[in-house]
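A.B. asks: One line per chain: the protein sequences are X and Y, in this order.
Heads up, the first sequence is in my numbering, so the first residue is 1 and it goes up one at a time.
Heads up, the second sequence is in my numbering, so the first residue is 101 and it goes up one at a time.
We put the beta carbon where it would ideally sit given N, CA and C, even for glycine.
Protein chains: 2
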Amino acid sequence: MKATVLIRPKQGILDPQGEAVGEALRTLGFAVSGARVGRLVDIEIDTEDAAEAQAALDRMSRELLANPLIESFTIGLEEGA
Amino acid sequence: MKATVLIRPKQGILDPQGEAVGEALRTLGFAVSGARVGRLVDIEIDTEDAAEAQAALDRMSRELLANPLIESFTIGLEEGA
């Protein structure tokens, strides 16, 4: 089963990379009032059980993929994939 | 209007970061057969016109956010946001 984990800096956490991207976009002439930069991880997980996959991905995100102190994450499962 | 751009290494492009993440997840005991790491950018764009936003985001992605030679991108608009 395929899944995608989206990892974002939490609200209120400084995001210098996002500020740099926003500034660069404005310099290029785009009307952008804010930008935040995060990561994504596409994972091929060896189970077809959605509940099991969801639980494993939640643990992976907490233990390795994200830093729960400063980042939030959302898990998307590609059912049937 | 809010939008999210997802940027991924193209198929066939080496992704050492993804390989390291997959290896780390397997070391932690997760049954994972592959992982690929990309970026995401949340953008607040100053228009309420979806077509205009889409066109601007497409240009932003090509010119700054992604490297079209080795990365693909997908644009998601949060309509009404």
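Chain Y partners of X:Ser33, CB-CB under 7 Å?
C.D. replies: As a position in the first sequence, residue 33 of chain X is number 33, starting the count at 1. Here the neighbours are Glu144, Asp146.
A.B. asks: What does Y:Phe130 reach in chain X if we use C-beta pairs closer than 7 Å?
C.D. replies: Taking the first residue of the second sequence as 1, we reach residue 130 of chain Y at position 30. Neighbours of Y:Phe130 on chain X, chain order: Ala56, Met60.
A.B. asks: Going by C-alpha to C-alpha distance, which of X:Lys10, X:Ile45, X:Arg62, X:Arg26 sits closest to Y:Ala131?
C.D. replies: For the purposes of this step, residue 131 of chain Y is taken as residue 31 along the second sequence, with counting starting at 1. Per the Cα distances, X:Ile45.
A.B. asks: Short of 7 Å in beta carbon distance, which residues of its chain neighbour X:Gln54, apart from the five on each side in sequence? Order them along the chain.
C.D. replies: As a position in the first sequence, residue 54 of chain X is number 54, starting the count at 1. Same-chain partners within the cutoff: Ile75, Leu77.
A.B. asks: With a threshold of 8 Å between beta-carbons, can X:Ala66 be considered close to chain Y, or not?
C.D. replies: Stepping through the first sequence from its first residue, residue 66 of chain X is reached at position 66. Closer than 8 Å: no.
A.B. asks: Would you mind listing the alpha helix (DSSP H) stretches within the stretch 15–51 of chain X that are 4+ residues and don't spill past its ends, in chain order?
C.D. replies: 16–27
A.B. asks: Count the other CB atoms, across all protein chains shown, that sit within 10 Å of the CB of Y:Asp115; report buried if there are 16 or more and exposed otherwise.
C.D. replies: Sequence index remark: in the second sequence, residue 115 of chain Y carries index 15 (1-based). So Y:Asp115 ends up on the buried side.
A.B. asks: Can you grab the Cα-Cα spacing for the pair Y:Leu140 / Y:Asp158, in whole Å?
C.D. replies: Walking along the second sequence from the start, residue 140 of chain Y turns up at place 40. Walking along the second sequence from the start, residue 158 of chain Y turns up at place 58. One alpha carbon belongs to Y:Leu140, the other to Y:Asp158, and they sit about 14 Å apart.
A.B. asks: Using beta-carbon positions only, say whether X:Ile7 and X:Ala56 come within less than 8 Å of one another.
C.D. replies: Reading the first sequence from its first residue, position 7 is the one you call residue 7 of chain X. Reading the first sequence from its first residue, position 56 is the one you call residue 56 of chain X. In this structure, X:Ala56 does not lie closer than 8 Å to X:Ile7 by Cβ.
A.B. asks: Which of the three DSSP states is assigned to Y:Glu171 in this structure?
C.D. replies: Position 71 of the second sequence, counted from the start, is the residue given in the question as residue 171 of chain Y. Residue state, collapsed to three classes: strand.
A.B. asks: Measuring only between beta-carbons, confirm whether X:Ala81 sits less than 8 Å from chain Y.
C.D. replies: Residue 81 of chain X sits at position 81 when you count from the first residue of the first sequence. Legend: pLDDT at X:Ala81 = 48, less than 50; position of this residue unreliable, value from coordinates given subsequently. Under the Cβ criterion of 8 Å, X:Ala81 is not counted among the residues facing chain Y.
A.B. asks: Return the bridge partner residues of Y:Arg108 from the DSSP annotation.
C.D. replies: Within the second sequence, numbered from 1, the residue matching residue 108 of chain Y stands at position 8. Answer is Y:Ser172, bridged to Y:Arg108.
A.B. asks: Kindly give me the distance between the Cβ atoms of X:Lys10 and X:Ser72, rounded to whole angstroms, as I take these residues to be in contact under 8 Å.
C.D. replies: Along the first sequence, read from residue 1 onward, the residue named residue 10 of chain X stands at position 10. Along the first sequence, read from residue 1 onward, the residue named residue 72 of chain X stands at position 72. Their Cβ separation, rounded to whole angstroms, is 5 Å, which keeps X:Lys10 and X:Ser72 in contact under 8 Å.
A.B. asks: What's the C-alpha gap between Y:Val121 and Y:Glu179?
C.D. replies: As a working mapping, residue 121 of chain Y is identified with position 21 in the second sequence. As a working mapping, residue 179 of chain Y is identified with position 79 in the second sequence. Approximately 33 Å, taken between the alpha carbons.
A.B. asks: Taking buried to mean at least 16 other C-beta atoms within 10 Å of its own C-beta, is Y:Ser161 buried or exposed?
C.D. replies: Locating residue 161 of chain Y in the second sequence gives position 61, counting from the first residue. So Y:Ser161 counts as buried.
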